[in-house]
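One structure below.
2 protein chains.
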Amino acid sequence: MKKNHLESHDLYRERVNSQLDLFLSSLVSTNFTNNQLKEIIKYSALARGKRFRPILTYTVANLFDVRLEKVDSCACAIELIHIYSLIHDDLPSMDDDDVRHNQPSSHKVFGEAQAILAGDGLQALAFGIICNDPLIHSSMKIKLLSLLSASSYSMAEGQSIDLSIVSHNVDLEILNNMHKKKTGALLNCAIKFGALLNDHISDKDLSILSFFSSQIGLAYQVQDDVLDVTTSDKILGKRQNSDSSKNKPSYPSIIGIDESIKIFESLYDNAIDELSQLSVDAEPLRLITKKLMSRSY
Amino acid sequence: MKKNHLESHDLYRERVNSQLDLFLSSLVSTNFTNNQLKEIIKYSALARGKRFRPILTYTVANLFDVRLEKVDSCACAIELIHIYSLIHDDLPSMDDDDVRHNQPSSHKVFGEAQAILAGDGLQALAFGIICNDPLIHSSMKIKLLSLLSASSYSMAEGQSIDLSIVSHNVDLEILNNMHKKKTGALLNCAIKFGALLNDHISDKDLSILSFFSSQIGLAYQVQDDVLDVTTSDKILGKRQNSDSSKNKPSYPSIIGIDESIKIFESLYDNAIDELSQLSVDAEPLRLITKKLMSRSY
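Chains as they are written, first to last, in my numbering: chain A, 1 to 297; chain B, 1001 to 1297.
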């Protein structure tokens, strides 16, 4: 059973990889060889990320008996938004990261302007792929797109807060709020997408999934801050200690590493407890949560 | 009659201004004073632009008997996308413009990172405002959002081409294609939005409006290139001669000013001719076209 669930993560990752490849290949190429946009988008999108968010979407959808073909556009949309956010976050004026997924960041290869535009184009494509999915009816699409829009806006707001608190003394409440927007909103969207694809999903299940996502979202960030201090560059695929070297406030910088570890473990525990109230057997989500809890990068 | 039509442009401009103000004021403020995003968005969005695209949307919608309340979200969405594109186009890594609408560009006031994020947030909001409009039914919303996504993607592609041809010798075909994507796509979207809001719009009318928009879109750009050489900074609200000083290929640089004037006048004439085939009296669109044709900035 457990083995099957973990194998399905690999299947979902392969599935979203091939769906992204298919979708991006279908974009009409212009006749003009000097148009780099599609090339940059493919460079960034087909780098081997963890595909954590679409895996969650497929996993939740599967719990609620949604067939996988119906999940593909949502899984891709979530990942397209995530990829756009990474390209923009890596820019010199933002986090100034030269390496992403063990390859040079988009702006290092294609220049800042083209990287900004690739992110812009990716955001537009994310909305389009759901609009054009023939397997989802219109009123469901609107629910999905409305959530995607709100989540994408929150993400930009969160990154704006993140940059504005560099070199400032902030408390945990501000840090929590920033992460809730910067990464929590899109994670929540990924999880709810899987549930909203079932026409008969209950408000209770949606609310449980929201709480679950808020707990693992925050846990993941606190854990990221800890791993940022304790793990080597090569394993992370990005520069180690990058937050503290940029004077970004982090959980370890405010409350220390030991306390940070306690907090993220307790958030993961809350998340697992909440799952027992779902109307379906949530074992696959429990396993994902446990896997996250024990991740070393 | 003519006076009424031109007065209605002012009414539409006022209407989209107040709708944008209303919408942006309704965005939830966070408790954290260091979140600048809403402030930057309002700074950029409420600067007094021409509101040319939403005026077209209202005008076309009115031709096809769509009541104005039903047009507001589309008019705002179009303008939000346009505003985001101006913020990103003005960035140092792109066109590097310090002034927009006679005020400092967003990145000059708030910094590059926050300006990029404001553009990102605006794009997300554009999709959201249509999703959440209670006056439009879901299947119509999906048509509108699908067109908005394709147009917004084309716009990013066009700007990518524009930057890639700086200091290159290009022919008119490449220049036309670039403008078709960079500004034509969103103009087409603005015009079609007004028609698509009528459930019974015919394919023939849509196709006539598409041709009309392609002609005035290109005419506007050729004319912009001409005005860029011949008009003073203060009137344009941006630096004069900015394209040639950046070594951007332009119509005057390829075929000279006189030939460029002939071309844009002939494109406007084509546009006006096409309108006579519409199933409704298109006098308001003819007047807009004539007004554009004779603009001096």
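Beta carbons: idealized from backbone N, C-alpha and C, even for Gly. Fair warning: this is a prediction, and the values are worked out from it, not measured in the lab.
Neighbour list for residue i in chain B, Cβ cutoff strictly below 7 angstroms
i        : result
GLU112/A : SER1093
CB contact check: residue i to chain B, cutoff 8 angstroms
i        : result
HIS88/A  : yes
GLY49/A  : no
TYR164/A : Strictly speaking, residue 164/A in this sequence is Ser, with Tyr absent from that position. It does: the Cβ of SER164/A has a partner Cβ on chain B nearer than 8 angstroms.
LEU285/A : no
GLN19/A  : no
ALA124/A : yes
Chain-ordered neighbours of residue i on chain A, where CB pairs are closer than 8 angstroms
i         : result
ILE1142/B : CYS131, SER138, LYS141 and ILE142
Residues that residue i contacts on chain A, provided the C-beta gap is smaller than 7 angstroms
i         : result
SER1160/B : ASN35, GLN36, LEU37, GLN114 and LEU117
Residue i: contacting residues in chain A (beta-carbon distance under 9 angstroms)
i         : result
GLY1128/B : LEU145, SER146, LEU148, SER149, ALA150, SER152 and TYR153
LEU1046/B : Chain A residues near LEU1046/B: none, gap ~18 angstroms exceeds 9 angstroms.
Residue i Cβ short of 7 angstroms to the ligand HEM heavy atom set
i         : result
VAL1280/B : Annotation note on the ligand HEM: not contained in the displayed structure, which lists no ligands.
Short CB-CB distance (under 8 angstroms) between residue i and chain A
i         : result
MET1001/B : Its pLDDT being 45, under 50, MET1001/B is placed unreliably in this model, and the value from its coordinates should be taken loosely. Not an interface residue.
VAL1016/B : no
GLN1240/B : For GLN1240/B, the predicted structure reports a pLDDT of 49, less than 50, and the residue's modelled location is therefore unreliable. The matter cannot be settled from this model.
Expected contact under 8 angstroms - CB spacing of residue i and residue j to nearest Å
i         : j         : result
LEU122/A  : LEU80/A   : 5 angstroms
ALA190/A  : ARG53/A   : 4 angstroms
THR1057/B : ALA1075/B : 5 angstroms
HIS101/A  : ILE55/A   : Actually they do not touch by this definition, with Cβ atoms about 16 angstroms apart.
SER1296/B : SER1202/B : Not a contact, Cβ separation roughly 37 angstroms.
ALA1077/B : ALA1126/B : 4 angstroms
GLY1119/B : ILE1087/B : 4 angstroms
LEU1218/B : LYS1192/B : Not confirmed; about 17 angstroms, so no contact.
SER160/A  : LEU1020/B : In fact, because the Cβ distance is near 20 angstroms, the residues do not count as touching under 8 angstroms.
LYS70/A   : ILE136/A  : 6 angstroms
PRO1252/B : VAL1229/B : 6 angstroms
Endpoints, the alpha helix (DSSP H) within which residue i is located
i         : result
ARG51/A   : Premise fails: ARG51/A is in no alpha helix (DSSP H) and is neither H nor E.
HIS101/A  : It is not in any alpha helix (DSSP H) - HIS101/A carries neither H nor E in the DSSP assignment.
TYR220/A  : 203-230
TYR1043/B : 1037-1045
ILE1254/B : 1251-1255
ARG1286/B : 1283-1293
ASP1120/B : 1112-1131
GLY194/A  : 185-196
LYS141/A  : 138-164
ASN1169/B : First-last for ASN1169/B: undefined, no H or E at that position.
HIS1200/B : That residue, HIS1200/B, is in no alpha helix (DSSP H); it is neither H nor E in DSSP.
SER85/A   : 72-89
- Query: Is the region 1219-1230 of chain B touching the region 1259-1277 of chain B, taking contact as three or more C-beta pairs under 8 angstroms?
  - Reply: Under the 8 angstroms Cβ criterion, the region 1219-1230 of chain B counts as touching the region 1259-1277 of chain B, having at least three qualifying pairs.
- Report yes or no: do the region 39-48 of chain A and the region 174-181 of chain A share at least 3 C-beta pairs separated by less than 8 angstroms? Touching, no.
- Pair every Cβ in the region 1012-1030 of chain B with every Cβ in the region 264-283 of chain A, then say whether three or more of these pairs are closer than 8 angstroms. No, the region 1012-1030 of chain B does not touch the region 264-283 of chain A.
- Are the region 1069-1086 of chain B and the region 1140-1156 of chain B touching, with three or more C-beta to C-beta distances below 8 angstroms? Yes, the region 1069-1086 of chain B touches the region 1140-1156 of chain B.
- Answer yes if the region 56-64 of chain A comes into contact with the region 184-201 of chain A, meaning at least three C-beta pairs across the two stretches below 8 angstroms, and no otherwise. The region 184-201 of chain A, when compared against the region 56-64 of chain A, does touch it at the 8 angstroms Cβ threshold.
- Task: Please confirm if the region 109-122 of chain A is in contact with the region 1087-1101 of chain B, defined as three or more CB-CB distances below 8 angstroms between the two stretches.
- Result: Judged by Cβ distances under 8 angstroms, the region 109-122 of chain A makes contact with the region 1087-1101 of chain B, as three or more pairs qualify.
- Using 8 angstroms as the Cβ pair cut-off and three pairs as the minimum, do the region 144-153 of chain A and the region 1093-1110 of chain B touch? Cβ pair count under 8 angstroms is below three, so no.
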